[in-house]
């Protein structure tokens with residue numbers, strides 16, 4: 001006879017104490033559990049443990065640095081995420097650099113953006129908004145790129161709060177207000 005015991009209590013009794021009796025015709029549902037994988041995706045050529053991510057919060061921005069511990073190669077970006085009331089990302093942008101060190105912003109919208117649309121960045125005191133063409137969309141995000149030129153450097157130094165908007169596939173326009181305050185401080189911390 002097989003005896004199953006949980007902390008000195010037969011398993012069936014422990015189940016009844018934890019979950020209560022089952023109704024007639026109801027069977028115990030087994031939930032599937034799994035170990036949640038890391039949010040950090042390790043490059044294929046590295047083993048787990050050979051890669052690390054450092055996250056530092058700043059005002060309105062988060063500095064994220066990923067480092068290959070074997071080659072001591074580090075890649076950083078500074079990111080701001082704007083979400084709606086239920087936690088869905090409406091817009092995010094990251095200040096990054098090309099391999100040659102040229103700064104640019106990676107702009108991301110919700111996947112409902114029109115893939116042939118543009119992201120509009122309206123800065124206070126400027127008549128015309130900056131229009132950023134979307135480079136493409138997936139089922140999770142749409143992406144556009146904005147090189148950092150003199151005008152954007154000026155806006156970053158002024159810590160402005162641009163109005164950002166983009167059209168959606170169902171004819172709406174999503175509009176949010178971003179904030180460049182804290183970006184310069186986060187960038188200085190990379191060094």
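Numbering (the UniProt record's numbering), first residue to last: 1 to 191. Don't be surprised by glycine CBs; every beta carbon is placed ideally from N, CA and C.
Alpha-carbon to alpha-carbon, residue j and residue i
i: residue 32; j: residue 39; result: 20 Å
i: residue 37; j: residue 48; result: 11 Å
i: residue 92; j: residue 60; result: 11 Å
i: residue 132; j: residue 30; result: 49 Å
i: residue 192; j: residue 45; result: The question about residue 192 has no answer here: the residues shown for the chain are numbered 1 through 191.
i: residue 95; j: residue 86; result: 25 Å
i: residue 168; j: residue 73; result: 39 Å
i: residue 188; j: residue 171; result: 40 Å
i: residue 118; j: residue 69; result: 39 Å
i: residue 130; j: residue 183; result: 19 Å
i: residue 125; j: residue 55; result: 34 Å
i: residue 66; j: residue 128; result: 36 Å
i: residue 57; j: residue 75; result: 17 Å
Own chain residues within Cβ distance below 7 Å of residue i, not counting five before or after
i: residue 42; result: 48 and 51
i: residue 165; result: 120, 173, 174 and 175
i: residue 106; result: 93, 94, 96, 143 and 145
i: residue 115; result: 134, 136, 137 and 142
i: residue 89; result: 81, 83 and 110
i: residue 159; result: 180 and 181
Minimum Cβ-Cβ distance from residue i to chain B less than 9 Å
i: residue 187; result: You won't find chain B in this structure, because it holds only one protein chain.
For residue i, three-class secondary structure by DSSP
i: residue 69; result: coil
i: residue 124; result: coil
i: residue 112; result: coil
i: residue 133; result: strand
i: residue 183; result: helix
i: residue 38; result: coil
i: residue 88; result: coil
i: residue 175; result: strand
i: residue 165; result: strand
i: residue 154; result: helix
Nearest-angstrom Cβ-Cβ length linking residue i and residue j, presumed shorter than 8 Å
i: residue 161; j: residue 178; result: 7 Å
i: residue 180; j: residue 156; result: 5 Å
Beta-carbon proximity list for residue i, same chain, < 6 Å, skipping 5 on both sides
i: residue 191; result: none
i: residue 163; result: 122 and 177
Residues of its chain near residue i, where Cβ-Cβ distance is below 8 Å and the 5 sequence neighbours each way are ignored
i: residue 103; result: 95, 96, 97, 147 and 148
Three-pair Cβ contact test at 8 Å for the region 111 to 121 versus the region 140 to 151: yes
How about the region 61 to 68 and the region 78 to 90: do they share at least three Cβ pairs that are nearer than 8 Å? yes
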